[in-house]
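Okay, structure first, notes after.
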Amino acid sequence: MHLKNKKVLITGSEGFIGSHLVEKLVELEAEVTAFVLYNSFNSWGWLDTLDEKYKKHIKVFTGDVRDENSIRKAVEDKEVVFHLAALIAIPYSYYAPSAYVDTNVKGTLNVLQSCRDFNVEKVIHTSTSEVYGTAQYVPIDEKHSLQGQSPYSASKIAADMMAESYYRSFETPVATIRPFNTYGPRQSARAVIPTIIAQILAGAKEIKLGSLTPTRDFNYVKDTVEGFIKVAESDRTIGRVTNIGTGKEISIGELAKKIISLTGRNVEIICEEERIRPEKSEVNRLCACNKKAMDDAGWKSQYSLDTGLIETIHWIEKNLQYFKSNIYNV
Numbered sequence: 193m194h195l196k197n198k199k200v201l202i203t204g205s206e207g208f209i210g211s212h213l214v215e216k217l218v219e220l221e222a223e224v225t226a227f228v229l230y231n232s233f234n235s236w237g238w239l240d241t242l243d244e245k246y247k248k249h250i251k252v253f254t255g256d257v258r259d260e261n262s263i264r265k266a267v268e269d270k271e272v273v274f275h276l277a278a279l280i281a282i283p284y285s286y287y288a289p290s291a292y293v294d295t296n297v298k299g300t301l302n303v304l305q306s307c308r309d310f311n312v313e314k315v316i317h318t319s320t321s322e323v324y325g326t327a328q329y330v331p332i333d334e335k336h337s338l339q340g341q342s343p344y345s346a347s348k349i350a351a352d353m354m355a356e357s358y359y360r361s362f363e364t365p366v367a368t369i370r371p372f373n374t375y376g377p378r379q380s381a382r383a384v385i386p387t388i389i390a391q392i393l394a395g396a397k398e399i400k401l402g403s404l405t406p407t408r409d410f411n412y413v414k415d416t417v418e419g420f421i422k423v424a425e426s427d428r429t430i431g432r433v434t435n436i437g438t439g440k441e442i443s444i445g446e447l448a449k450k451i452i453s454l455t456g457r458n459v460e461i462i463c464e465e466e467r468i469r470p471e472k473s474e475v476n477r478l479c480a481c482n483k484k485a486m487d488d489a490g491w492k493s494q495y496s497l498d499t500g501l502i503e504t505i506h507w508i509e510k511n512l513q514y515f516k517s518n519i520y521n522v
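Heads up, the sequence shown is in the working numbering, so the first residue is 193 and it goes up one at a time.
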């Protein structure tokens with residue numbers, strides 16, 4: 193499938209990954225409709241910050257994935273749907289689990305049903321590496337068991353199974369993309385990399401983090417977005433899950449030391465109790481097997497961790513006003 197001139201809908205378009213995906217699809221000359229969560233401020237999230245060369249080529253549709261009527265209206269004439277809208281903060285899912293079910297499970301159901309009803313050509317459903325839980329073996333391939341180690345991951349497992357059921361029951365052309373830990377410009381301080389960078393650039397002499405021993409497979413946002421494009425374009429991804437990750441892991445502690453070194457600051461790392469997940473909820477190791485991404489979609493990461501971190505540091509330095517670095521952002 194070629195995306196040029198395709199009528200494309202992106203849910204979660206105003207968010208971190210979604211806004212980068214909007215830019216990429218405009219560059220590919222798709223007809224882009226950006227689905228944005230309705231709010232009385234008429235805020236389009238990160239889309240408000242895009243260069244005019246992108247904004248003039250997108251249509252913005254305000255609605256809520258939890259509402260089936262607004263989703264149906266948005267999907268009605270579309271050929272390709274990228275479904276990214278979700279609640280994603282793990283700590284907040286401990287306090288508001290029902291909100292995660294409403295948004296991540298029911299929201300996904302609404303998208304899938306509308307895509308089925310209107311015969312959408314391809315649906316790209318967004319999963320997360322968190323559904324694997326702590327790695328039972330590495331690298332983690334798509335056959336690895338799923339473990340609901342937080343209400344967030346449990347809701348995403350349910351959403352993934354809903355997507356699979358629509359493919360198996362109704363032949364809805366769903367492809368599930370499973371990105372490992374994405375980072376880069378526009379990511380909120382809820383995530384570890386911008387948390388570290390924002391605290392350092394704000395002048396902190398101590399940076400506060402949760403557990404330092406878990407390892408993660410960090411994927412630069414431009415690579416993740418390219419994964420979305422490749423999964424959408426390939427017919428071989430329909431009805432399948434595709435990991436998007438580098439195949440390399442680094443501990444949070446070593447990551448923090450690397451970022452400190454790249455910024456040239458003298459900073460101490462503090463492990464703060466408030467930021468530590470419950471013991472059985474912590475995912476201790478994630479490292480992707482990306483063979484299927486390479487074989488089925490022709491995708492491979494292009495950015496090294498250092499290159500991606502440097503670009504992220506430069507962006508946060510210019511946009512530090514968006515970060516409340518002295519407050520723990522759940």
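The beta-carbon is built from N, C-alpha and C at its ideal position, and this holds for glycine as well.
In this text, all values refer to a predicted model and were calculated from it rather than measured experimentally.
Could you give the distance in angstroms between the alpha-carbon of residue i and the alpha-carbon of residue j?
{"i": "E464", "j": "P406", "result": "15 Å"}
{"i": "D525", "j": "K414", "result": "In the structure as shown, the chain starts at 193 and stops at 522, and residue 525 therefore has no counterpart that could be examined."}
{"i": "K422", "j": "S205", "result": "18 Å"}
{"i": "L304", "j": "N518", "result": "40 Å"}
{"i": "K400", "j": "T326", "result": "23 Å"}
{"i": "C481", "j": "F233", "result": "42 Å"}
{"i": "K298", "j": "S319", "result": "15 Å"}
{"i": "E425", "j": "S211", "result": "19 Å"}
{"i": "E460", "j": "I442", "result": "19 Å"}
{"i": "V272", "j": "I392", "result": "41 Å"}
{"i": "K196", "j": "E223", "result": "8 Å"}
{"i": "G437", "j": "D240", "result": "29 Å"}
{"i": "G207", "j": "W236", "result": "9 Å"}
{"i": "L338", "j": "V433", "result": "13 Å"}
{"i": "D488", "j": "R428", "result": "6 Å"}
{"i": "L229", "j": "A277", "result": "9 Å"}
{"i": "F227", "j": "A281", "result": "20 Å"}
{"i": "L512", "j": "T504", "result": "11 Å"}
{"i": "A266", "j": "I202", "result": "10 Å"}
{"i": "K216", "j": "G340", "result": "32 Å"}
{"i": "C307", "j": "I430", "result": "14 Å"}
{"i": "Y495", "j": "P331", "result": "19 Å"}
{"i": "K270", "j": "P470", "result": "42 Å"}
{"i": "K516", "j": "N311", "result": "44 Å"}
{"i": "Y246", "j": "R457", "result": "36 Å"}
{"i": "H336", "j": "E244", "result": "43 Å"}
{"i": "V218", "j": "I369", "result": "20 Å"}
{"i": "I468", "j": "Y375", "result": "20 Å"}
{"i": "S345", "j": "E322", "result": "6 Å"}
For residue i, which of helix, strand or coil comes out of DSSP?
{"i": "L242", "result": "coil"}
{"i": "F233", "result": "coil"}
{"i": "H194", "result": "coil"}
{"i": "H275", "result": "strand"}
{"i": "I280", "result": "coil"}
{"i": "T438", "result": "coil"}
{"i": "N552", "result": "Limits of the chain in this structure are 193 at one end and 522 at the other, which puts residue 552 out of reach."}
{"i": "T374", "result": "strand"}
{"i": "E206", "result": "coil"}
{"i": "E363", "result": "coil"}
{"i": "I468", "result": "coil"}
{"i": "V323", "result": "helix"}
{"i": "D309", "result": "helix"}
{"i": "E450", "result": "Looking at the sequence itself, residue 450 is Lys, so the reference to Glu does not match. Helix, per DSSP."}
{"i": "K348", "result": "helix"}
{"i": "S285", "result": "helix"}
{"i": "Q494", "result": "coil"}
{"i": "Q513", "result": "helix"}
{"i": "E474", "result": "coil"}
{"i": "S211", "result": "helix"}
{"i": "K216", "result": "helix"}
{"i": "D256", "result": "coil"}
{"i": "D269", "result": "coil"}
Name the DSSP bridge partner or partners of residue i?
{"i": "T300", "result": "Note: T300 sits in no beta bridge, so no partner."}
{"i": "K183", "result": "Past the boundaries of the shown model lies residue 183; the chain is included only from 193 to 522, so the question cannot be answered."}
{"i": "S443", "result": "T407"}
{"i": "T368", "result": "H317, V433"}
{"i": "I332", "result": "A480"}
{"i": "E356", "result": "Its beta-bridge partners do not exist; DSSP assigns none."}
Could you give the first and the last residue of the continuous beta strand (DSSP E) run that contains residue i?
{"i": "H506", "result": "Note, H506: premise wrong, no beta strand (DSSP E); alpha helix (DSSP H) at 497-510."}
{"i": "E460", "result": "460-463"}
Tell me which residue opens and which closes the alpha helix (DSSP H) that residue i is part of.
{"i": "K199", "result": "Premise fails: K199 lies in the beta strand (DSSP E), 199-203, not in any alpha helix (DSSP H)."}
{"i": "A291", "result": "289-292"}
Does the ligand PLP have even one heavy atom less than 7 Å from the beta-carbon of residue i?
{"i": "F420", "result": "With respect to the ligand PLP, the structure offers nothing, as it holds no ligand at all."}
Please specify which runs of the alpha helix (DSSP H), each continuous and at least 4 residues long, are wholly inside the region 377-427, giving them in chain order.
List check, alpha helix (DSSP H) in window: 384-393, 413-425.
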